[in-house]
Every structure is written in C-alpha cells, then in structure tokens.
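Engineer: Have a look at the structure that comes next, please.
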Amino acid sequence: VGLVYIVARVRVGPWAALCVAVLVLVSGRAWETILFPATLTFVLPTLAGGTAWWALDRDSGWLGRALAGLLLAGAAVTGGLGPALMVGLAAEICLRRRWAWLWLLLPGVTVLIAWYAGEWGNTGTQFSTNLPHLPVWAAKYLVTAAGATFGLPPPGGLAVLALVAMGIFVWRRAGRPEPFWSPRAIGLVLTLAVAVISIGAARAADTPATTSRYLYSPAVLMLLLACECVRGLQLPQIRWVPAAGLVVVLV
376 VGLVYIVARV RVGPWAALCV AVLVLVSGRA WETILFPATL TFVLPTLAGG TAWWALDRDS
436 GWLGRALAGL LLAGAAVTGG LGPALMVGLA AEICLRRRWA WLWLLLPGVT VLIAWYAGEW
496 GNTGTQFSTN LPHLPVWAAK YLVTAAGATF GLPPPGGLAV LALVAMGIFV WRRAGRPEPF
556 WSPRAIGLVL TLAVAVISIG AARAADTPAT TSRYLYSPAV LMLLLACECV RGLQLPQIRW
616 VPAAGLVVVL V
C-alpha cells in the first residue's frame, strides 16, 4: 500500500494518491490475501513491481536497483505476474532508453528460465483445455477486478470502467500536455495483458474469474494505470479527506 501511494503521488499528488492507497487497502478479501499462503504468488510480484517502479521514478542508485532485482527474482517463480512484470519493465526501460537498468531484470529472467526449464513438464496445466475459455474469462476477470477495487460485485465493474474511462477522456480533453502513452503506461498495459493471458491460459477452464485472491494484482495495476493517464492531477487540500479515507476503510 505504501509503495502504491509513493508511486501514485509522483503523478497525481498526495491527496489523490491517498485515495488510491485506500482503495488498494480494501480491495478484495483482505483476510484471504494476508492469511492464505497461495496469495503470496500475487502479493510478492506486486511488491516487486512497486519497488521497481519506485526505483525507476527516483532514478535510484545501486542499492535500490539491487533490492528491486532480488524481489523480481523471487517474483519470477510465483506465477503469471512474475513474467508479466519482466515484460512490462523491459518495455518501460527500453522506451526510456535507460539501458543500464536492464541488468535489474537479469536475476529474475535467470531464475525464470531455470524454473521453467526444470518444471515445465511437471506443471500439469492443460493449455489446450484452457485457451478456448480464455477470451471470455479474461473479460470477466478484468471487469471483476475493477469492481472489487471499489468493493462492488462483478456487474459493478462495468460501471467503474465506464466512469473511469469517461473521467480520463474529460481530463485529456482539457488540454493536458503530457502524452497519453508514456513509457510507464505502456509498461503497465503490457504487464496487465501478459498477466491476464498467462493466468487465464493456466486457469480459465477450472477457476472462476471472480475468485477473490486473483483480483488483487490486476486491481493495483489498473489503479496505477489510471494515475498514469491523469498525471498532473492535483486535488485541493481539503482537511476532511483523511477522515473520509478512514471512514471508507472502516466501512
């Protein structure tokens, strides 16, 4: 949550970033994310991605890069989001022409190759069974994650996506000078797309798209993408905003 706030604050200021952090705090079933060991496959990659984005924003030194690299190495073997992070971060680094940062991905890529080389034949995943279900599953997955961000049931996700898209459109039409497709936005879109496709290719046939433990990571990615699309937004410093955030958490 703290990393999401730090990354969002650079783009939308402290008050909007606080709102985003509160949404991350309450999205999905918090107890399942904390207590169920399998959810580490989604929490750890989210932590690794947040650390890497924070390091990129700060143009961090070797210590920050090393920490992000170690977390990415751990995230590489935890599920679909690990490889997705590698793709998204590689795209952002290349688009920013920060070639020296590519070594940040080396530990994770090395672990990923070693993992799949040794375990590919033992996964038991039936891709031929899952792929026909993937398009519908992916659409339901994204809609459900969007709704879960605001504590809404799956049908509410459509309304959330429509309202957010409308808000971004109005914001962009107001004459904001920043380009829409920034390196970070492209990286986040690629990360989200690869994560959804890889998870769906492994789970679409036997796991409902509404399964709560799968919603945490895409919710974070979509929130950060929305922040990137409206970067430069500054909410007025209203004194009741922190109190309102606390009320949301309690409810």
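Residue numbering for the sequence shown follows this note's numbering, starting at 376 and increasing by one per position. Glycine included, C-beta positions come from ideal geometry on N, C-alpha and C. Since the structure is predicted, the reported quantities are computational estimates derived from the model, not experimental observations.
Let me know the secondary structure DSSP gives G575 once reduced to three states.
Structural biologist: On the sequence shown, position 200 is the one that residue 575 refers to. Correct three-state label for G575: helix.
Engineer: Can you tell me whether L625 is buried or exposed? The criterion is at least 16 other CB atoms within 10 Å of its CB, across all chains shown.
Structural biologist: Here residue 625 refers to the residue found at position 250 when the sequence shown is read from its first residue. Summary for L625: the model assigns pLDDT 49, below 50, so the residue's position carries little reliability, and this model does not support an answer.
Engineer: According to DSSP, is R336 helix, strand or coil?
Structural biologist: Past the edges of the chain, shown from 376 to 626, lies residue 336, and the structure says nothing about it.
Engineer: For P529, which of V418, I543, S435 and A514 has the nearest alpha-carbon?
Structural biologist: The residue given as residue 529 occupies position 154 in the sequence shown. For the residues V418, I543, S435 and A514, the minimum Cα distance to P529 belongs to A514.
Engineer: On the CB-based measure, 16 or more other CB atoms within 10 Å of its CB, does V399 come out buried or exposed?
Structural biologist: For this step, residue 399 is matched to residue 24 along the sequence shown. Classification of V399: buried, given that the 10 Å Cβ count is 16 or more.
Engineer: By the 10 Å Cβ neighbour count, where 16 or more other Cβ atoms means buried, how is R386 classified, buried or exposed?
Structural biologist: Along the sequence shown, read from residue 1 onward, the residue named residue 386 stands at position 11. With 16 or more other Cβ atoms within 10 Å, it is buried.
Engineer: Please state whether DSSP places A396 in a helix, a strand or coil.
Structural biologist: Working through the sequence shown from its first residue, we reach residue 396 at position 21. In the structure shown, A396 sits in a helix (DSSP, three-state: H, G or I).
Engineer: Indicate the three-state DSSP secondary structure (helix, strand or coil) for S503 in the structure shown.
Structural biologist: The residue given as residue 503 occupies position 128 in the sequence shown. It is helical.
Engineer: May I have the straight-line CA-CA distance separating G449 from A475, to the nearest angstrom?
Structural biologist: Position 74 of the sequence shown holds residue 449. Position 100 of the sequence shown holds residue 475. Their Cα atoms are separated by approximately 21 Å.
Engineer: What residue range does the alpha helix (DSSP H) around E467 cover?
Structural biologist: Locating residue 467 in the sequence shown gives position 92, counting from the first residue. Note, E467: alpha helix (DSSP H), L456 to L470.
Engineer: Pick helix, strand or coil for G424, following the three-state DSSP scheme.
Structural biologist: As a working note, residue 424 is residue 49 in the sequence shown. Reduced to three states, the DSSP call for G424 is helix.
Engineer: Expressed to the nearest angstrom, what Euclidean distance is found between the alpha-carbon atoms of W406 and R588?
Structural biologist: Position 31 of the sequence shown holds residue 406. Position 213 of the sequence shown holds residue 588. Because W406 sits at a pLDDT of 49, beneath the cut-off of 50, its placement in the model cannot be relied upon, and the point is left open.
Engineer: Buried or exposed for A540, please, with buried defined as at least 16 other CB atoms from any protein chain shown within 10 angstroms of its CB.
Structural biologist: What you label residue 540 is simply residue 165 of the sequence shown in a count that begins at 1. Label assigned to A540: exposed.
Engineer: Assign E603 to one of two classes, buried (16 or more other C-beta atoms within 10 Å of its C-beta) or exposed (fewer than that).
Structural biologist: What you label residue 603 is simply residue 228 of the sequence shown in a count that begins at 1. So E603 counts as buried.
Engineer: Rounded to a whole number of angstroms, what is the C-alpha to C-alpha distance between L565 and G463?
Structural biologist: If you number the sequence shown from 1, residue 565 lands on position 190. If you number the sequence shown from 1, residue 463 lands on position 88. Approximately 5 Å between the Cα atoms of the pair.
Engineer: Which one of V382, T426, G607 and A459 has the shortest CA to CA distance from R547?
Structural biologist: Counting from 1 along the sequence shown, the entry for residue 547 is found at position 172. If we check each option's Cα against that of R547, G607 comes out closest.
Engineer: Whose C-beta lies closer than 7 Å to the C-beta of R384 among residues of the same chain, with five residues either side of it excluded?
Structural biologist: Within the sequence shown, residue 384 is the residue found at index 9, counting from 1. Here the set comprises A392.
Engineer: In chain order, what residues of the same chain have a beta carbon less than 6 Å from the beta carbon of A520, not counting five sequence neighbours either side?
Structural biologist: Numbered from 1 along the sequence shown, position 145 holds the residue referred to as residue 520. Once the five neighbours on either side are set aside, the close Cβ partners of A520 are L590, P593 and A594.
Engineer: From A570 to A549, what distance separates their C-alpha atoms?
Structural biologist: Here the question's residue 570 lines up with position 195 in the sequence shown. Here the question's residue 549 lines up with position 174 in the sequence shown. Spanning the two alpha carbons is a distance of roughly 32 Å.
Engineer: Confirm, please, whether the CB-CB distance from G457 to A451 is below 8 Å.
Structural biologist: As a first step, residue 451 must be located in the sequence shown, where it is residue number 76. As a first step, residue 457 must be located in the sequence shown, where it is residue number 82. Yes, they are a contact pair.
Engineer: Can you tell me whether G388 is helix, strand or coil according to DSSP?
Structural biologist: Within the sequence shown, residue 388 is the residue found at index 13, counting from 1. It is helical.
Engineer: Could you tell me how far apart the beta carbons of A423 and L446 are, in whole angstroms, since I believe they sit closer than 8 Å?
Structural biologist: Along the sequence shown, one-based indexing puts residue 423 at 48. Along the sequence shown, one-based indexing puts residue 446 at 71. That belief holds up - the Cβ atoms of A423 and L446 are roughly 4 Å apart, short of 8 Å.
Engineer: Between which two residues does the alpha helix (DSSP H) containing P554 stretch?
Structural biologist: Here residue 554 refers to the residue found at position 179 of the sequence shown. That residue, P554, is in no alpha helix (DSSP H); it is neither H nor E in DSSP.
Engineer: Which residue comes first and which comes last in the alpha helix (DSSP H) that contains R440?
Structural biologist: Sequence index remark: in the sequence shown, residue 440 carries index 65 (1-based). Residues W437 to A450.
Engineer: Measuring straight from C-alpha to C-alpha, what distance separates P420 and R440?
Structural biologist: As a first step, residue 420 must be located in the sequence shown, where it is residue number 45. As a first step, residue 440 must be located in the sequence shown, where it is residue number 65. One C-alpha to the other measures close to 15 Å.
Engineer: Measuring only the C-alpha atoms, how far is L596 from S557?
Structural biologist: Sequence index remark: in the sequence shown, residue 596 carries index 221 (1-based). Sequence index remark: in the sequence shown, residue 557 carries index 182 (1-based). C-alpha separation (whole angstroms): 15 Å.
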